[in-house]
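Residue numbers (the numbering used here): 364 to 512.
This is the structure in structure tokens:
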């Protein structure tokens, strides 16, 4: 199962500001171009179930995931419950730096097509990396006051 990790630094923003935006994920479609809709279907404390509709290079993808927020560590673990992949899981981690907050997303993907993956696996990983990097850049731009959709 391919693992993708991407990071960015949100300048002059503390972890709490970044974490608050992550917890307000239903707002993502307002400033993330590739996230077409995101609805919270269930919320129990820091456990959310979210339904995503997104687009990656013109291809529509949909999934439902469980999101577990950890307020103490200001982190988020997620795993797909159902959707267009066989498996999708990972975490968002926030670290203070001298310049701001570093956001890192670690995600594991299983596209469910092993025979096909050996031929196009690198392309799929590049598309996943590009998509996750786009999410991080949208968060960075939103928090740094440069938001655009």
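Cβ coordinates follow ideal geometry from the N, Cα and C atoms, glycine included.
Report the partner residues of residue i according to the DSSP bridge assignment.
i, result
"residue 370", "467"
"residue 459", "464"
"residue 491", "Answer is none; residue 491 lacks a bridge partner."
"residue 430", "411, 441"
"residue 473", "450"
"residue 401", "415"
Residue j and residue i - do their beta-carbons sit closer together than 8 Å?
i, j, result
"residue 392", "residue 386", "no"
"residue 457", "residue 396", "no"
"residue 466", "residue 499", "yes"
"residue 503", "residue 373", "yes"
"residue 505", "residue 384", "yes"
"residue 440", "residue 454", "yes"
"residue 452", "residue 471", "yes"
Can you grab the Cα-Cα spacing for the pair residue i / residue j, in whole Å?
i, j, result
"residue 420", "residue 447", "15 Å"
"residue 415", "residue 402", "7 Å"
"residue 492", "residue 369", "7 Å"
"residue 444", "residue 459", "31 Å"
"residue 464", "residue 381", "8 Å"
"residue 425", "residue 473", "14 Å"
"residue 488", "residue 450", "14 Å"
Practice task
Could you tell me whether the stretch 409-419 touches the stretch 428-441, where touching means 3 or more Cβ pairs closer than 8 Å?
Solution key: yes
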